[in-house]
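Number of protein chains: 2
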Amino acid sequence: MTPLEAARACGRVDSLFDAEFFKAMSDATRLRLLSCLTKCRRPCSVTELTECCSVDFSVVSRHLGILERAGLLTSSKEGRTVFYEVRYRHLSDTFQALARSFDVPERKTKNPGKTRIGRRS
Amino acid sequence: MTPLEAARACGRVDSLFDAEFFKAMSDATRLRLLSCLTKCRRPCSVTELTECCSVDFSVVSRHLGILERAGLLTSSKEGRTVFYEVRYRHLSDTFQALARSFDVPERKTKNPGKTRIGRRS
DNA sequence: TGCATAGTTGCGTCACCATGCAATTATATC
DNA sequence: GATATAATTGCATGGTGACGCAACTATGCA
Chain A
497 MTPLEAARAC GRVDSLFDAE FFKAMSDATR LRLLSCLTKC RRPCSVTELT ECCSVDFSVV
557 SRHLGILERA GLLTSSKEGR TVFYEVRYRH LSDTFQALAR SFDVPERKTK NPGKTRIGRR
617 S
Chain B
497 MTPLEAARAC GRVDSLFDAE FFKAMSDATR LRLLSCLTKC RRPCSVTELT ECCSVDFSVV
557 SRHLGILERA GLLTSSKEGR TVFYEVRYRH LSDTFQALAR SFDVPERKTK NPGKTRIGRR
617 S
């Protein structure tokens, strides 16, 4: 299969390759927030989460919003306080599916059935 | 555990939370290249891979370099041609580990045993 | 009603990055 | 050596995003 053919055969794998999802995880501050929140194993407020990183409160609020919109967190409001929580199941399932999409394949030649460059023994 | 305590307890999970890795996967063009290359299940040249996306050849070359430096691809040169290949095992293992780090925990309360928000017992 | 707390949003700034084009390097072929 | 092909790199540009500050909204409390 050529890359072009692969591009045309956009199967179920592609839905996993969501740039927005990875973009949400591509910032060090957001990863720290996600990491802390994951370790806490309980919902945390924005104020609490601001303690674990060295940026402005408003920045934390924005980052949490980004993580939520990307599907990594959920939020619930109680009075003035907003609690963010990790979507454990969703993330576990997503990464599990990603792992499967990279299951080691049978080794194939670079140019199957050809005599040109890249031919394996 | 508070987020601050979680931040101080930087354990093995954090090494998985590598911003560079996710940044490499946060661009639509790079994801397309990775997807095509994964589906091909064989090493492909830069020229081949240029067919599957609508950007300049030089851009593809740069993206493949980024993916390689981030540990997602390996390259090998044969004559004038550079072949890029997916690091299937590495990616499978990485995502597997990420999935495990989000294994669904026992449900805990927001404020275990206390009346004030975020305060530790 | 007045004030304090929790959080979001607007705005300006700075840095980074994706892109295309052109120049360059490296290798193969004539 | 001359030329063609494969790929990388320099450079300019336009766009995006992280950040801090300030203003604003929303809720709780006296």
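Quick note, the sequences are listed as chains A and B, same order. Everything in the first sequence is counted per this note's numbering, starting at 497 for the first residue and increasing by one. Everything in the second sequence is counted per this note's numbering, starting at 497 for the first residue and increasing by one. The C-beta atom is built at its ideal place from N, Cα and C for all residues, glycine as well.
Within-7 Å CB hit, residue i to chain A
{"i": "Leu-560(B)", "result": "no"}
{"i": "Arg-565(B)", "result": "no"}
{"i": "Tyr-584(B)", "result": "yes"}
{"i": "Asp-510(B)", "result": "yes"}
{"i": "Leu-568(B)", "result": "no"}
is_contact[residue i, chain B] using C-beta, thresh 7 Å
{"i": "Lys-573(A)", "result": "no"}
{"i": "Ser-522(A)", "result": "yes"}
{"i": "Val-556(A)", "result": "no"}
{"i": "Ala-515(A)", "result": "yes"}
{"i": "Ser-588(A)", "result": "yes"}
{"i": "Phe-598(A)", "result": "yes"}
{"i": "Phe-518(A)", "result": "yes"}
{"i": "Leu-594(A)", "result": "yes"}
{"i": "Phe-591(A)", "result": "yes"}
{"i": "Ser-550(A)", "result": "no"}
{"i": "Arg-612(A)", "result": "Caution applies to Arg-612(A), whose pLDDT of 38 falls short of 50 and renders its modelled position unreliable; the model cannot decide the point."}
Residue interval of the alpha helix (DSSP H) (run including residue i)
{"i": "Leu-533(A)", "result": "524-536"}
{"i": "Phe-517(A)", "result": "515-520"}
{"i": "Thr-498(A)", "result": "Taken as a continuous stretch (DSSP letters only), Thr-498(A) belongs to no alpha helix (DSSP H), as it is neither H nor E."}
{"i": "Val-542(A)", "result": "542-546"}
{"i": "Arg-596(A)", "result": "584-597"}
Buried versus exposed, by CB contacts within 10 Å (16 or more), residue i
{"i": "Val-555(A)", "result": "exposed"}
{"i": "Lys-573(B)", "result": "exposed"}
{"i": "Phe-553(A)", "result": "exposed"}
{"i": "Val-582(A)", "result": "buried"}
{"i": "Glu-624(B)", "result": "Residue coverage of chain B in this structure runs from 497 to 617, which leaves residue 624(B) outside it and unanswerable."}
{"i": "Arg-576(B)", "result": "exposed"}
{"i": "Ser-511(B)", "result": "exposed"}
{"i": "Val-542(A)", "result": "buried"}
{"i": "Arg-585(B)", "result": "exposed"}
{"i": "Ser-531(B)", "result": "buried"}
{"i": "Arg-528(A)", "result": "buried"}
{"i": "Arg-538(B)", "result": "buried"}
{"i": "Ser-597(A)", "result": "buried"}
{"i": "Ser-550(A)", "result": "exposed"}
{"i": "Arg-526(A)", "result": "buried"}
**Asked** In chain order, which continuous runs of the alpha helix (DSSP H) of length 4 or greater are located wholly inside the region 550-578 of chain B?
**Response** 553-565
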